[in-house]
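Numbering (my numbering), first residue to last: 489 to 945.
Where a beta carbon is used, it is the ideal one built from N, C-alpha and C, also for glycine.
Worksheet: the structure to be examined is printed underneath.
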Ligand code: SF4
């Protein structure tokens, strides 16, 4: 018999942890009670979140919250560390194809101000360097480089440039100015092919001129050469093909997980754990094989719950499609507290969820995937994908969470919202979520509850 799963607090996790150990739970080397991340790591936001109560969710959280330890171990073992900035899903696939290479996203520092409830001072450091609150919270990354308290300084830093938001360009340029050399690789703004121009359909369905794909491929070749030179091992097509195959394996697990989680009659897993699961697919949390195992265990739990017809929320929860990641993770809980459930997401990297073509030369396949990034094309393109996905998952409402200071959000939310209303006739609400949204909780609650009400009526 499947036991009714629950969303629980950290206090409840203390008890649940002992219970699971008593039931014979076997943990990986990075396992342990969640509370240690508050006590030893200062991740005090964990005290305010609610979690899935499964051993799979515990493993997911522990895997996420021990990435810095893994990076330090990798450094000690002599692995090449690559900080891959901004591309969300392309360069890590290349990097993990090489032996002895570990890649991570310094951009992930985005969530440190939330997790540590501002105690790390990263945003203040960014402000002192001229990157104030008019920039998006990714400016925390520069504070993490300055303090060197969160991740080891990579041996190689890459950053995509060209069709990149102003925020990231400015922050990465400032970082280079501070003495951290960056290998810039350019990705052009994806455009529609002209009449008669050779066109290529990209993973996910967008199209681009063949000349743009060829250009991105040549740019990625420079990245390939740099990784090979620094790691001392050639990154040949055979290795890249294997790397793409391994990345696709993870993407397929995630796809099944998303489909089950978003379409099951009763929500089988909370939105917060699903957000973390999606993030693993773009960077593997510094251990690609373990990422696959962590997601596989989560998928097993979700399958079991769906088959048993049990879940973590009431069956009548309103099915909400969520656009953009939130700087404060607590807001993912808030949606569920207000009577909603997440049924579909677009967290700025939908291209990293699609299969990378395996029937093409690997660099061609990677170039096509990079150009399929929703953030390098028009807002209308992105809106089209959101509409299609929201329709596919049967969403009943759409929530667009704006990112404070983010240069891409000013009009994009309106474009996406209009497309949703005109093509699907669904209610849409926009909210803005800073890294710590406690002071805004009454306002956010009112707006989200209004969305639920509109849908129910
Ligand atoms: S502005 Fe948007 S795309 Fe740019 S770094 Fe911030 S969240 Fe990412």
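What does DSSP give as the partner residues of residue i in its beta bridges?
i: residue 639; result: DSSP output for residue 639 lists no bridge partner at all.
i: residue 809; result: 886
i: residue 688; result: 696
i: residue 708; result: In DSSP, residue 708 forms no bridge with anything.
i: residue 571; result: 592, 645
i: residue 495; result: 540
i: residue 829; result: 807
i: residue 919; result: 889
i: residue 672; result: 647
Say the cut is 7 Å; is the CB of residue i nearer than that to a heavy atom of the ligand SF4?
i: residue 942; result: no
i: residue 585; result: no
i: residue 924; result: no
i: residue 628; result: no
i: residue 863; result: yes
i: residue 839; result: no
i: residue 836; result: yes
i: residue 896; result: yes
i: residue 809; result: no
i: residue 816; result: no
i: residue 891; result: yes
i: residue 575; result: no
i: residue 656; result: yes
i: residue 653; result: yes
i: residue 624; result: yes
Considering only the alpha carbon of each residue, which of the options lies closest to residue i?
i: residue 716; options: 892, 570, 541, 905; result: 570
i: residue 501; options: 517, 529, 542; result: 542
i: residue 864; options: 704, 940, 712; result: 704
i: residue 851; options: 527, 578, 693; result: 578
i: residue 560; options: 714, 673, 858, 637; result: 637
i: residue 945; options: 884, 727, 932; result: 884
i: residue 525; options: 923, 549, 828; result: 549
i: residue 614; options: 675, 598, 605; result: 598
i: residue 730; options: 585, 782, 941, 499; result: 585
i: residue 648; options: 858, 934, 927, 919; result: 858
i: residue 603; options: 535, 515, 810, 688; result: 535
i: residue 946; options: 891, 922, 915, 844; result: Within the shown structure, residues of the chain are numbered from 489 to 945, placing residue 946 beyond reach of any answer.
i: residue 651; options: 939, 866, 936; result: 866
i: residue 892; options: 934, 921, 683; result: 921
i: residue 576; options: 496, 896, 766; result: 766
i: residue 927; options: 506, 605, 554; result: 605
i: residue 919; options: 630, 811, 763; result: 811
i: residue 853; options: 702, 676, 631; result: 702
Mapping DSSP to helix, strand and coil, what is residue i?
i: residue 943; result: helix
i: residue 677; result: coil
i: residue 648; result: strand
i: residue 515; result: coil
i: residue 555; result: helix
i: residue 834; result: strand
i: residue 653; result: coil
i: residue 924; result: coil
i: residue 844; result: coil
i: residue 798; result: coil
i: residue 896; result: coil
i: residue 621; result: coil
i: residue 881; result: coil
i: residue 732; result: helix
i: residue 597; result: helix
i: residue 950; result: As displayed, the chain neither begins before 489 nor continues past 945, which places residue 950 out of reach and without an answer.
i: residue 755; result: coil
i: residue 763; result: helix
i: residue 862; result: helix
i: residue 522; result: coil
Quick one: is residue i buried, meaning 16 or more other Cβ sit within 10 Å of its Cβ, or exposed?
i: residue 513; result: exposed
i: residue 882; result: exposed
i: residue 504; result: buried
i: residue 930; result: exposed
i: residue 511; result: exposed
i: residue 862; result: buried
i: residue 946; result: Not covered by the structure: residue 946. The range shown for the chain is 489 to 945.
i: residue 666; result: exposed
i: residue 868; result: exposed
i: residue 557; result: exposed
i: residue 574; result: buried
i: residue 588; result: exposed
i: residue 700; result: buried
i: residue 733; result: exposed
At a cut-off of 7 Å, would you count residue i as near the ligand NAP, judging by its Cβ distance to the nearest heavy atom?
i: residue 745; result: The model on display carries the ligand SF4 but not the ligand NAP.
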